Every structure is written in structure tokens, then in C-alpha cells.
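To start, the structure itself, in C-alpha cells.
There are 2 protein chains.
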Amino acid sequence: MFIWLGKRLIVYTSVMTSDQRIAGIELGGTKVICGIATAAGEVLQRTRIPTRGPEETLLDIRNWLQPRLDVASGLGIASFGPIHVDPASPRYGHIGATPKTAWRDFDLLRAIREWTTLPSALDTDVNAAALAEIRWGAAHGHDNVVYVTVGTGIGGGIVANGRAVHGLMHPEIGHMKPRRLPDDDFDGMCPFHGDCFEGLAAGPAIRARWGKPLNELPADHPAFAMEADYLGQLAVNLLLTASPTKLIFGGGVMNTTELLPMIRNAAARHLNDYLDLTDPAGEPRELIVTPGLESNAGLLGAVALAIDAS
Amino acid sequence: MFIWLGKRLIVYTSVMTSDQRIAGIELGGTKVICGIATAAGEVLQRTRIPTRGPEETLLDIRNWLQPRLDVASGLGIASFGPIHVDPASPRYGHIGATPKTAWRDFDLLRAIREWTTLPSALDTDVNAAALAEIRWGAAHGHDNVVYVTVGTGIGGGIVANGRAVHGLMHPEIGHMKPRRLPDDDFDGMCPFHGDCFEGLAAGPAIRARWGKPLNELPADHPAFAMEADYLGQLAVNLLLTASPTKLIFGGGVMNTTELLPMIRNAAARHLNDYLDLTDPAGEPRELIVTPGLESNAGLLGAVALAIDAS
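First to last, the protein sequences are chains L and X.
This note's numbering numbers the first residue of the first sequence as 20 and each following residue consecutively.
This note's numbering numbers the first residue of the second sequence as 20 and each following residue consecutively.
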């Protein structure tokens, strides 16, 4: 809970103390991370469960987590999307139109509430990651942050004025369409849109186009300039809508470290000096960055959700 | 001021009563509207001043408004952008990189504070319009709203969780780039980006391309389908980032009433069923709409800013 006292002052009134225990579930497309952390963001225990169909995956989550919940004062769930996050909707807590057909319309929240009455908070994995990066990571102290993940898909979370953005659904930024590069005739792989950002620049598109992932190609391979251009265009669309002061690119594709500076250059080229990219002191901003939280980012995102909801 | 009490409950604690008087200034690219309204949104007096250079325009504003300020308890300023809206920035209240060169870097807020000590609130005209539409117009009761204006330029305001989005700057949505239509070889008119949305689909681009504004062309003219496709793409980019439950298209170009249903169709075609466009009761949403506040929308936006800041 927080109390808003005017244009710039927010007083956090969380009832949690930093040594309280929070349970977190990061439900990803290929793996689930479950854990127990302190409210200060220290991970005490964690496990990794492969994502299969909903029933068997949820059973594994329950078997690991339920015996550990008696020390926890809250549970956060950070899920792949699309997922219905409006508590006023009858579909609250349901997975939406995902290509993972076994999960489509699955009532995730209900399946978890069958075995725990802990206060639970739910959001997308990417909104949760943005909140965790604000609390403990690369966006510490920022109010307006976008977290993009580039992996098996392209997704994004948006925090505006310190709070995750929902609304009609939640941000689904990977399905915007970039301007195609003239020498790129790849059809794209998105089942809904073909050549949207996700269809052109997520990990599977890189493999389909070049036969290898980016980290197995030399840094002067044309795959890099193409990937950087598309992600630079995505960065521009996000800077011109959500107006973040930190734009974080994470996910497996970003583990290729040569990519970040190329994305920055591509974004600057597409912006063409339209935005002032200096900070109030006139220094260049560290605007487009990689995550500060490494392997625990998703789990800590789930923990951050539970803390914010307390 | 409001107090945030949990996931869905906001308690407004405005100190204003509905018969209090608020002064508003809507600073537009071609005209300024100044007025006095009640805190309930009733416009009591207004005037229209042509926008010229900053000194002569501000002098006219002062001459009309200053004698009327003794009844007012607040002043809202809704300005064309880009304008620096972060109170922590040394450039707060300054106009940014506008094509209107006489206004570039002009310290608007200081020029107004030279002749009034009333509490003043400043935001972009489009953020202000979104807040006014939420308070009194087409988005009444909604928390997540985007207001787009399509006129001499294309601009937009975003409200997330009930509050205007700022950050690095403020939303500058008109400068994203659409996917070009295959039969469109027009270069575009944006001095920064050529064929961004603003460069391709704002009023001046329509005139340059077809020789006439849209409202002087028959509804089966190809200009309509092209305009609707570009604005439909813009709608999709906004739905996939800000995730609004109301997306309002206003501005002079939207006075051509045939355009709105064509934009809705184009947006649905580009989304290709990716988003669920029904409401929680399963009914189709009135998602993309025109403004509810007509000629007073901008002025009431300025008034809404002053009320929100009180």
C-alpha cells in the first residue's frame, strides 16, 4: 500500500518488515521457478520445474511450495501472458490466447488457491520483472520503466508513475509491427501477425532465418545489424508511448552482449534527435540497459508483486 | 490529491468544491483558449487568441486573464508539446524541440508566473484532454485512457492507473512509424522522421497528398481507406502498449465522421483477433471513440489539471 501526497511524494506504507518471508512463483513458457525470499529481496530457497501441461506443472509447484508456505506472509505469481489481470473481470487469473494451447483459458489463480489461502498477487512475468528491477535492480528509484524480454517471444511490462500498467489487457508490445528492412524477405513466425516484432526478432525467428542463435554467430554477421534495427525500432515505439526513464532489454537473446550498444545506436538513428536523451544535469542518460537482477529476476518479480499488494 | 488504499480503491480528497472557479489556458499551435470554469466543468467565460510568437501571445493571454484571476483558486495550463513537464528538471515548463521555432526553448511557465502567484499546473494539451474526458467526457469512469489528436500534427496523451504518463518526456506517439501501404509512395512531411504517423496522416499530409482535406473528398475516395489504415495501425500500437479501455481520436481530421468506423475496422484487421475486445460481460467494447467534450475539451483539460493538482 502507498499513500500519495502530491505531485512527487509517495509514502510507502508496506506492512512488511524486511525479514518477512514471501513465496514466489515465476511461471514461464519452458520453466517454472518457485522460491522463498525475504521482503528485502534475498532468495532463501528456490527450485526449477519444467513447464508441461497445466495439471502436472501445478502439481509439481504444489508439492514443492505448499510445505514451505507456513513461514510465508504472501504469495506472488508472475506468469507468462496473455493472462487476465483485472480483478473485476470474471476471467481474472485465467491464461488468455496463448500459442501454448494446453494452457489456453486455464484458471491459474484458482488452481493455486485450491491449496493455499495466503494473500496472493498476480501479474505478468514482465510487469513483475519491471517492478523487481525498480525495487532492487537496474531501474532502482525510477517511476517510469519498461522491461522487454527477447527470448522465445517478445513481451514487455510497463510501469508508469510507479505502478504496473493494465487496462484492456496488459502491454503486449511484441505484437506491434516494425518497418521492414528492405533486404529482409523473411515471412515472420507469429501465428497471429506473421511479421510483427515477435515474429521477426524473437529467438525462434533468428534461428529460422540464420540457422543458429545469435550467440553462435560472429558479431559482424548481418544477423546482428538486423536484430538491432528491429529492437531499436521497438525501443523507439516504447520511448514514444510509455516515455520510460529506464528501458530494460532482457531475455535469452540479450545474453549476446554485443547487441545492447547496437540497439542503442539503432534507436538513436530512428529517433533522429527528436528526444533529448540527456538527464536534468545535461549528461547522457543510461536509458537503454540490460537487467540488474540476473537469474533471480523472475522470482524476485513475483516477490515484488506480493510486497506491493500487501 | 488522492489517497491510494489498495489495488482498486482510490479516494479523491480534492479540497475544491464544485462551485469554485478555476482558470485555464489551452495553448495550441494556431489558437489559445483562455477561460474561467467551475470545478464541476462548467465554462463561465472564455476567449480565443491567435497563436503568434511567444511574447505577443503571452501578452494577450495576460491582458484577458489577469483581471479575472481574483475569483480563481487555481490555474491549469495545457500546452502543445513537446514541453518539459518534470518538475525536477531545470527545464520544467520550457517548450522543447517544436517545429514552431519562435517557441523553441521558451520558458512558458515562468512567463505566466511573472503575473500570477496562483497555484498552477502544467501538462501537455493531450494529457490534459485525456484527464478532462475521464472527468466529464467519453472516458468517464475509466482509469486507462489514451487521447489522440489528428490535426496539424498527431499527438497523444496517456493516462495509466488514473494519472497522466510522463517520464523521459511525455508520449509523442505521432512519431512512431507505421508499416507503409504498398501503393503509398508519398515521402511524408515530418521534419524529423519523414514518413512517421504524423508525417503521413496528419492534416497537412492529407492536403499535400490529395490536394484537399478529407472533409472535401467523397467517402469512397482512396484517401479514406489510407488514412483509416494508418490511424488503425496507430490504434494497435497504443492498444498493445498503454492498454487503454478507451482510446479517443479527436482533432480536426476526425470531424469527418465516416472515418471512425473505418479506423475501428482497420485496427481489428491489424490485430487479427489477438486482443479480446469484449467487456467483462462479454459485450463488444466501445473501445475506439471520438471525444465527448466538444469545443471546450482543451480548456476543460487545463481546468482538470488544476483540479488534479489541488
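Ideal placement from N, C-alpha and C gives every residue a C-beta, glycine not left out.
This structure is a prediction, so every number in the text was calculated from the model and none was measured.
| Asked | Found |
| --- | --- |
| For H240 of chain L, three-class secondary structure by DSSP | coil |
| Collapsed DSSP secondary structure at R67 of chain L in the structure displayed | strand |
| Residue-chain proximity (G251 of chain L, chain X), Cβ-Cβ < 8 Å | no |
| Cβ separation of R81 of chain X and W134 of chain X, assumed to be a contact under 8 Å, to the nearest whole Å | 5 Å |
| Reference G218 of chain X; option with closest CA among X:E246, X:A183, X:A254, X:I282 | X:E246 |
| Boundaries (first-last residue) of the alpha helix (DSSP H) holding R132 of chain X | 127 to 132 |
| Helix, strand or coil at F216 of chain L according to DSSP, with G and I counted as helix | helix |
| Buried or exposed (CB count within 10 angstroms, at least 16 for buried), K26 of chain L | Residue confidence for K26 of chain L is low, a pLDDT of 43 falling below 50, so the modelled location carries little weight and cannot support an answer. |
| Cβ contact (3+ pairs, closer than 8 Å) linking the region 49 to 61 of chain X and the region 100 to 111 of chain X | no |
| Any chain L beta carbon closer than 8 Å to N180 of chain X | yes |
| As assigned by DSSP and simplified to three states, the class of L259 of chain L | coil |
| Listed by chain order, chain L residues near P190 of chain X by CB distance under 7 Å | L259, T260, S262 |
| Among L:A116, L:D298, L:E74, the one whose alpha carbon lies nearest that of P210 of chain L | L:A116 |
| Proximity test, Cβ basis, 8 Å: F211 of chain L and chain X | yes |
| Under 7 Å from the C-beta of A220 of chain L: neighbouring residues of chain X | In chain order: nothing, as chain X lies at least about 15 Å away. |
| Contacts that I114 of chain L makes with chain X (C-beta to C-beta distance below 9 Å) | Within 9 Å Cβ-Cβ: nothing; I114 of chain L doesn't reach chain X, min ~12 Å. |
| Any C-beta of chain X under 8 Å from that of N291 of chain L | yes |
| N234 of chain X versus F99 of chain L - alpha carbon distance | 45 Å |
| Y111 of chain X (DSSP reduced to helix, strand or coil) | coil |
| Extent of the continuous alpha helix (DSSP H) to which G72 of chain L belongs | It is not in any alpha helix (DSSP H) - G72 of chain L carries neither H nor E in the DSSP assignment. |
| Endpoints, the alpha helix (DSSP H) within which E152 of chain X is located | 144 to 155 |
| Contacts of V255 of chain L in chain X (Cβ-Cβ under 9 Å) | H194, M195, K196 |
| Helix, strand or coil at W23 of chain X according to DSSP, with G and I counted as helix | Bear in mind that the predicted position of W23 of chain X carries a pLDDT of just 48, short of 50, making it too unreliable to give a figure here. |
| Interface residues of the region 141 to 158 of chain X facing chain L [CB-CB below 8 Å] | none |
| Any non-hydrogen atom of the ligand GTP within 7 Å of A220 of chain X CB | Summarising the ligand content, the structure contains no ligands, and the ligand GTP is consequently not present. |
| Span of the beta strand (DSSP E) around A56 of chain X | 50 to 57 |
| Integer-rounded CB distance, given that A97 of chain L should sit under 8 Å from D126 of chain L | Rounded, the Cβ-Cβ distance is 17 Å, inconsistent with contact. |
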